[in-house]
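Peer 1: So that we are looking at the same thing, I have put the structure below in C-alpha cells.
Protein chains in written order, with my numbering: chain P, 3 to 137; chain G, 3 to 137; chain X, 3 to 137.
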C-alpha cells in the first residue's frame, strides 16, 4: 500500500495532537507517505515558545461523569511521537498559510519539525486520492 | 482528479466552520465535486436567524497557555467562503434530516445556501469512494 | 460498493458518539464493512459502568448564541444505534491498546459490543484504501 495518509490538524489539545501523531507514526511505519497540514490551534501548538507548555485536554475530558483519568497533559508525548514518525518514514508537515495569517504569526516562529508553509490547494494536490483525516 | 470531497460538518464554532469552508473552496477550485452534510451544531449555524451572530471558537482556544490570538469571531469569514465555494464549482449542501429532528427545526429556517435535506444514506451514496472528512 | 468505512472515535460526548453511530449504521445498511477504533474519551464512554451515565454535549453546544436545543443528553440513542449497526452488517469495534494504557483501564471493563483490543497498525491494515473518518 503506497497511498498517502493526509492529516488536517486543527486541534491544539495534547490528547488530539497525540491521536494525530500516532496515526502519522503508524502510517509512516507502514511505508505510507504522510502529509500534515497545520491549522489554527494545532499550528499554534508547534510554536517554538509554546512546545514545552501544557496543552490541555479536549472538552470531552471535562464533561460531567468523566473520570478524567489523565493527570498532567505534559506527559502525553505528542511531539516525541511526531519526531519518531519523521524518523520512521516520509512525513511532510506544512503550516497552513491562511492560518498563519489568522494567528498573526510567521513560519519562522515554529519548531523546525515543520517543513514549510503552504495553502489548501497544495495540500489537496499532494493528498491526491489518499485518505484525508481532520483532527 | 474528479473524485468527490465529502464533508460531514458537525461543529458550529467559527474557526471550524471556516476550516470546512476553505477545504470546500479549495476542492471546488480544483474542479472536484463537494458534498456537504450538515449535522448538529453546524446545522444550527446555518439557521437564517443565527447567521449574523458570533459563533465562538473551539474549546482548544480556551485551554491554558493558549494566546487566543483571534479577536472577534465575527471576522472569520466562514459563510462568505462557502458562498465563494459555491460560485467556484459544484458544491452541494445537505441538511441532515436526523439532526433537523434532534434540533427541532425545519429546513425552511435555514439559509438558502442549503440545497436540501436528506439522510446519511443519501450522503454516503453520493460520497462513493471519495474522501470523507468529519469536521 | 464494498469499500470499508473506518471510524477513529476519539470524542466521548453523546452528540459525537451519535454522529459516529449513525455513520456506522448507514454504511452497514449499505453492506459496507465498518471498522471502529476507540480512543481516549470515546473508549472511556464504552466502559460498562459508564454506559448509563449522561455523556454531555460537545463544546459547540455551550458557545454564546447557541440555542442549546437538545435537552437531556441521555435521550441521544448512541449506544442503541451502534447495537443496530452491528445487527445490520459487519461492524468491528476495536479498543485502541495505547488508549487503554493512557486511561489505565482493561478491555474487560468495556461493554461486550467491543470486539477486541488492538493497535493503530491493525486498524490501518484493515482500513486498506477505504475512507477514514476521525470523530
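All residues carry an ideal CB built from backbone N, CA and C; glycine is no exception.
#1: Ignore the nearest five residues each way along the sequence and tell me which others in residue 39(X)'s own chain have a CB closer than 6 Å to its CB.
#2: Starting from residue 136(G), follow the beta strand (DSSP E) in both directions and report where the run begins and ends.
#3: Are the CB atoms of residue 22(G) and residue 28(X) nearer to each other than 8 Å?
#4: Restricting to Cα atoms, I'd like to know which of 136(X), 42(X), 61(X), 132(X) is closest to residue 2(G).
#5: Name, going along the chain, the residues of the segment 77-109 of chain P whose beta-carbon falls closer than 9 Å to a beta-carbon of chain B.
#6: State the Cα-Cα distance for the pair residue 5(X) and residue 36(X), rounded to the nearest angstrom.
#7: Ordered along the chain, which non-local residues of its own chain (more than five positions away) have a Cβ less than 8 Å from that of residue 7(G)?
#8: Just tell me which of 118(X), 54(X), 119(X), 89(X) has its CA closest to the CA of residue 78(X).
#9: Indicate the three-state DSSP secondary structure (helix, strand or coil) for residue 34(G) in the structure shown.
#10: Taking residue 32(P) as the query, report the chain X residues whose CB atoms sit under 8 Å from its CB, ordered along the chain.
#11: Kindly indicate if chain X contains any beta-carbon less than 8 Å away from that of residue 135(P).
#12: Thinking C-beta only, is residue 15(P) closer than 8 Å to residue 15(G)?
#13: If I follow the unbroken alpha helix (DSSP H) through residue 64(G), where does it start and stop?
#14: On the three-state DSSP scale, how would you describe residue 120(G)?
#15: Which residues of chain P have a Cβ atom closer than 8 Å to the Cβ of residue 13(X), listed in chain order?
#16: Could you give the first and the last residue of the continuous alpha helix (DSSP H) run that contains residue 104(P)?
#17: How would you write the range of the alpha helix (DSSP H) that residue 53(X) sits in, first residue to last?
Peer 2: Walking through what the data contain:
#1: Translated into positions along the third chain, residue 39(X) becomes position 37. Answer for residue 39(X): 10, 96, 98, 125, listed in chain order.
#2: Translated into the one-based positions of the second chain, residue 136(G) becomes position 134. Unbroken beta strand (DSSP E) run through residue 136(G): 133-136.
#3: Start at 1 with the first residue of the second chain, and residue 22(G) comes out as number 20. Start at 1 with the first residue of the third chain, and residue 28(X) comes out as number 26. Their beta carbons are not under 8 Å apart, which means residue 22(G) does not touch residue 28(X) by this criterion.
#4: In this structure chain G extends from 3 to 137, so residue 2(G) is not present and cannot be described.
#5: The question asks about chain B, but that chain is absent: this structure's protein chains are P, G and X.
#6: Counting from one through the third chain, the residue named residue 5(X) turns up at place 3. Counting from one through the third chain, the residue named residue 36(X) turns up at place 34. Approximately 9 Å between the Cα atoms of the pair.
#7: Numbered from 1 along the second chain, position 5 holds the residue referred to as residue 7(G). Correct list, in chain order: 25, 26, 29, 34, 35, 36, 37, 132, 133, 135.
#8: As a first step, residue 78(X) is located in the third chain; it is residue number 76 there, counting from the start. Among 118(X), 54(X), 119(X), 89(X), the Cα nearest to that of residue 78(X) is on 54(X).
#9: Within the second chain, residue 34(G) is the residue found at index 32, counting from 1. Looking at residue 34(G) - three-state DSSP - the assignment turns out to be coil, as it is neither helix nor strand.
#10: Numbered from 1 along the first chain, position 30 holds the residue referred to as residue 32(P). Within chain X, the residues near residue 32(P) are 123, 126, 127.
#11: For the purposes of this step, residue 135(P) is taken as the residue at position 133 of the first chain. Yes, contact with chain X.
#12: As a first step, residue 15(G) must be located in the second chain, where it is residue number 13. As a first step, residue 15(P) must be located in the first chain, where it is residue number 13. Not in contact: residue 15(G) and residue 15(P) (Cβ atoms no closer than 8 Å).
#13: Here residue 64(G) corresponds to residue number 62 of the second chain, with the count starting at 1. First-last for residue 64(G): undefined, no H or E at that position.
#14: The residue given as residue 120(G) occupies position 118 in the second chain. In the structure shown, residue 120(G) sits in a strand (DSSP, three-state: E or B).
#15: Within the third chain, numbered from 1, the residue matching residue 13(X) stands at position 11. Chain P residues near residue 13(X): 60, 62.
#16: Residue mapping note: residue 104(P) aligns to position 102 of the first chain, counting from 1. Segment 99-105, the alpha helix (DSSP H) holding residue 104(P).
#17: Here residue 53(X) refers to the residue found at position 51 of the third chain. Where residue 53(X) is concerned, there is no enclosing alpha helix (DSSP H), given that its DSSP letter is neither H nor E.
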